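What follows is a single structure, written as structure tokens, with notes after it.
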Amino acid sequence: MARNDSTGKAMPVVQALFSSWDTYQRFDALSSEYVDVPLSEQLMIGIGAEYWYDSMFALRAGYFYESPNNGDRQFLTFGAGIRYNIFGVDFSYLQTLKENHPLANTIRFSVLLNF
Numbered sequence: 004m005a006r007n008d009s010t011g012k013a014m015p016v017v018q019a020l021f022s023s024w025d026t027y028q029r030f031d032a033l034s035s036e037y038v039d040v041p042l043s044e045q046l047m048i049g050i051g052a053e054y055w056y057d058s059m060f061a062l063r064a065g066y067f068y069e070s071p072n073n074g075d076r077q078f079l080t081f082g083a084g085i086r087y088n089i090f091g092v093d094f095s096y097l098q099t100l101k102e103n104h105p106l107a108n109t110i111r112f113s114v115l116l117n118f
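If you read the sequence shown in this note's numbering, its first letter stands for residue 4, the second for the next number, and so on.
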């Protein structure tokens, strides 16, 4: 994660550790040049909750947010799961918050074998 300074020389370790987190450069295909991206556009926020009933049935819900300049994914998730002995089945549904998003109405299904 250590960066070089504007002349291309390596920064001192302590300076690089603290300056590496404020911005980074990303190639912008529209302008064909590198642009500085601030820390606020690098962060993603995800939060979720899960409720288990009798260690057998699970209900889940969550929310995910990503900056419009860094992917623009924003969606809600809903899911359920069931466990019996060493077997499990999980199902989730992803509802995007924007129209015509590639992840809209995504359904995920998984099978678990717990050794």
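By construction, the Cβ of each residue, glycine as well, lies at the ideal position given by its N, Cα and C atoms.
None of the values given here were measured: they were computed from a predicted structure.
Through-space distance from residue 12 to residue 95, alpha-carbon basis: Counting from 1 along the sequence shown, the entry for residue 95 is found at position 92. Counting from 1 along the sequence shown, the entry for residue 12 is found at position 9. The alpha-carbon separation between residue 95 and residue 12 amounts to approximately 48 Å.
On the criterion of 16 or more Cβ atoms from any shown chain inside 10 Å, does residue 118 qualify as buried, or is it exposed? On the sequence shown, position 115 is the one that residue 118 refers to. By the 10 Å Cβ count, residue 118 comes out exposed.
Between the alpha carbons of residue 99 and residue 57, how many angstroms are there, rounded? In the sequence shown, counting from the first residue as 1, residue 99 sits at position 96. In the sequence shown, counting from the first residue as 1, residue 57 sits at position 54. Note on geometry: alpha-carbon atoms of residue 99 and residue 57 lie some 31 Å from one another.
Nearest neighbour of residue 124, chosen from 112, 102, 68, 89 [CA to CA]: Nothing about residue 124 can be reported from this structure: the residues present for the chain run from 4 to 118 only.
Alpha carbon to alpha carbon, what distance is there between residue 114 and residue 88? To locate residue 88, count along the sequence shown from 1; it is residue 85. To locate residue 114, count along the sequence shown from 1; it is residue 111. Cα to Cα, the separation comes out at about 13 Å.
Hey, out of 16, 30, 40, 46, whose CA is closest to residue 76's CA? Within the sequence shown, residue 76 is the residue found at index 73, counting from 1. Ranking 16, 30, 40, 46 by Cα distance to residue 76 puts 46 first.
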